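This report concerns only the one structure given below.
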Amino acid sequence: MSKPVGLYVHVPFCIQKCPYCDFYSLPVSDDGMNSYTEAVRREIVRFARLHPGVSADTVYFGGGTPSLLGEARLCSILHTLTRSFCVLPDAEITLEVNPGDSLRTLLQEVRRAGWNRLSIGMQSASDEELKLLGRRHTAAQTAACVEDALTAGFSNFSLDLMLAIPAQTEESICRSIASCAAFGASHVSAYLLKIEAGTPYSRCASTLSLPDEEETASRYLLACTELERHGFAQYEISNFAKPGKQSRHNLKYWHDAPYLGFGPAAHSFFEGRRFFYPRNLQTFCETAAPVSDGEGGGFEEYAMLALRLREGLCRAACAERFGEAGTAAFLKVFQKAKCYMAAGLVDGTPESVALTREGFLVSNALLAELLSE
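Now the structure itself:
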């Protein structure tokens, strides 16, 4: 049997859209959520029948705001997944939730149904920063959400933080990170605010008082240092975890391992092919036809994803995956990396190449250079 895959379910519903968000999401409605639930369950069953015997060791419900579906719809989807695929007994099963919603009963129900990990959209411990981000919740509501999670039996949960946002200071970054530690989080995802085209933020970027590149770099490096000081080891550009608590599901993406996504806007990499469902709920409910996105899993793609990780690109892993061609391709990357080592952007030996934290700050440009022909 092939290695277990990751399963992802995209739930495209939000009470309101944050001004910086470009994920596919829609207003909440019972009709829409009912139609979505039935369609995604049908598509899971259809795909599993076409590919019998697929096992999975991670399941991730993302969005949008998956918790808005309610426990009955969520549990019906998870039941369909576990009935259609061989979800292993020790699988990591994650649900994204947002503070501010009434979650106590839902969290108790989903914990009983099999979820064992949460990803909580905290973003900041500052009410002023939350308001500027257009978030619906307060810092006090984050604390209440964490308390409800602990009461429901979730000992493994991640908190999201946003960095380089308007009005943010070094002190507020340290305070937010201290809150994550005090809450008992096992994982923190700390993302730099990115102004995406077509979002409300992109239309008023000139009035946002965003930090410049130097300030942004300083805040990112400060967050890395503070998170490490509180026991969160960095393992990817934006992700930090207590020992043994890395997101197993997200590591599927960064290790270029197979995964299956269901729902409008969900992507998949399976049997060497990439495909996705269009960002259209009506189309998904009517046809649920995935669109081909070409082949995947080549060396350049594998290396680009591996170099997002602190461990970086390893010669032995390249050889195991691609044979002699992988060794040759790795050594080519190593030779190119040499000129960036003195600048402190890359750490490298003939056995591994990894970006430093300073390298992560310019990762897009650096990866283009390292992986160019």
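The UniProt record's numbering puts the first residue of the sequence shown at 1, with every later residue one more than the last. Every residue gets a Cβ at the ideal spot worked out from N, C-alpha and C, and that includes glycine. Bear in mind that the values here come from a model prediction, so they are computed numbers and not experimental data.
Proximity test, Cβ basis, 8 Å: residue i and chain C
i: Thr349; result: Here chain C cannot be found, since the structure has a single protein chain.
heavy atom of the ligand MG below 7 Å from residue i C-beta
i: Leu370; result: Among the ligands in the structure shown, none appear at all, so the ligand MG cannot be discussed.
Cβ neighbours of residue i in the same chain (closer than 6 Å, five flanking residues each side left out)
i: Arg310; result: Gln234, Tyr235
i: Phe183; result: Val146
i: Trp115; result: Ile93, Leu95
i: Gly100; result: Arg136, His137, Gln141
i: Ala223; result: Leu163, Ile173, Ala190
i: Glu324; result: none
i: Gly359; result: Leu345, Val346, Leu366
i: Lys245; result: Ser186, His187
i: Glu226; result: Cys174, Ile177
i: Gly121; result: Asn98, Asp160
i: Ala181; result: His230
i: Phe299; result: Phe322, Ala329
DSSP-derived helix/strand/coil call for residue i
i: Leu251; result: helix
i: Asn98; result: coil
i: Ala354; result: strand
i: Ser238; result: coil
i: Cys314; result: strand
i: Asp256; result: coil
i: residue 450; result: Examination of residue 450 is not possible in this model, given that the chain is present from 1 through 373 alone.
i: Thr349; result: strand
i: Glu295; result: strand
i: Cys285; result: helix
i: Phe270; result: strand
i: Leu307; result: coil
Own chain, CB closer than 8 Å to residue i, minus 5 neighbours either side, in chain order
i: Ala337; result: Val346, Gly348, Val353, Leu370
i: Val333; result: Ala303, Leu313, Val353, Leu370, Leu371
i: Arg274; result: His267, Ser268, Ser292, Asp293, Gly294, Glu295, Gly296
i: Val9; result: Val40, Val59, Tyr60, Phe61, Gly62, Pro66, Ile77, Leu81, Gly261, Phe262, Gly263, Ala266
Neighbourhood of residue i by C-beta distance below 7 Å, restricted to the same chain and skipping five residues each side
i: Phe85; result: Leu7, Ala48, Val54, Ser55, Ala56
i: Arg111; result: Ala152, Gly153, Phe154
i: residue 374; result: The structure shown has nothing for residue 374, since the chain only spans 1 to 373.
i: Phe330; result: Leu313, Arg315, Cys318
From the options, residue whose alpha carbon lies closest to that of residue i
i: Leu192; options: Leu133, Cys180, Ser247; result: Leu133
i: Lys131; options: Gly294, Tyr20, Pro350, Ser292; result: Tyr20
i: Thr151; options: Arg117, Gln108, Gly121, Leu88; result: Gln108
i: Asp31; options: Glu373, Leu281, Thr287, Pro211; result: Leu281
i: Trp170; options: Glu129, Asp90, Lys252; result: As written in the sequence, residue 170 is Glu, which differs from the Trp given in the question. Comparing Cα-Cα distances from Glu170 to each of Glu129, Asp90, Lys252, the minimum goes to Glu129.
i: Thr65; options: Gln16, Thr82, Thr80; result: Gln16
i: Lys242; options: His249, Lys252, Ala368, Arg229; result: Arg229
i: Cys18; options: Val291, Arg83, Ala167, Gly198; result: Gly198
i: Arg117; options: Ala144, Ala139, Leu159, Ser124; result: Leu159
i: Phe13; options: Ala288, Arg274, Pro264, Asp148; result: Pro264
i: Leu361; options: Ser292, Asp212, Glu301; result: Asp212
i: Asp22; options: Gly63, Asn239, Ala113; result: Gly63
i: Lys3; options: Gly294, Thr283, Glu295, Phe270; result: Phe270
i: Tyr340; options: Glu351, Leu221, Ala167, Ser363; result: Ser363
Does the stretch 28-44 come close enough to the stretch 208-223 to have 3 or more Cβ pairs within less than 8 Å? Below 8 Å, too few C-beta pairs join the stretch 28-44 and the stretch 208-223 to call them touching: fewer than three.
Would you check if the stretch 312-329 and the stretch 257-264 touch, i.e. whether three or more CB-CB distances between them fall below 8 Å? No, the stretch 257-264 is not in contact with the stretch 312-329.
The stretch 59-77 contacting the stretch 24-37, beta-carbon criterion three pairs below 8 Å: These segments touch.
Counting only runs that start and end within the stretch 130-209, where is the beta strand (DSSP E) found for 3 or more residues in a row? Fully contained in the stretch 130-209 are the following beta strand (DSSP E) runs of length 3 or more, in chain order: 157-163, 187-192.
Sequence ranges, beta strand (DSSP E) only - wholly within the stretch 40-121, length at least 3: Counting whole runs of 3 or more residues, the stretch 40-121 contains the beta strand (DSSP E) stretches 55-63, 86-97.
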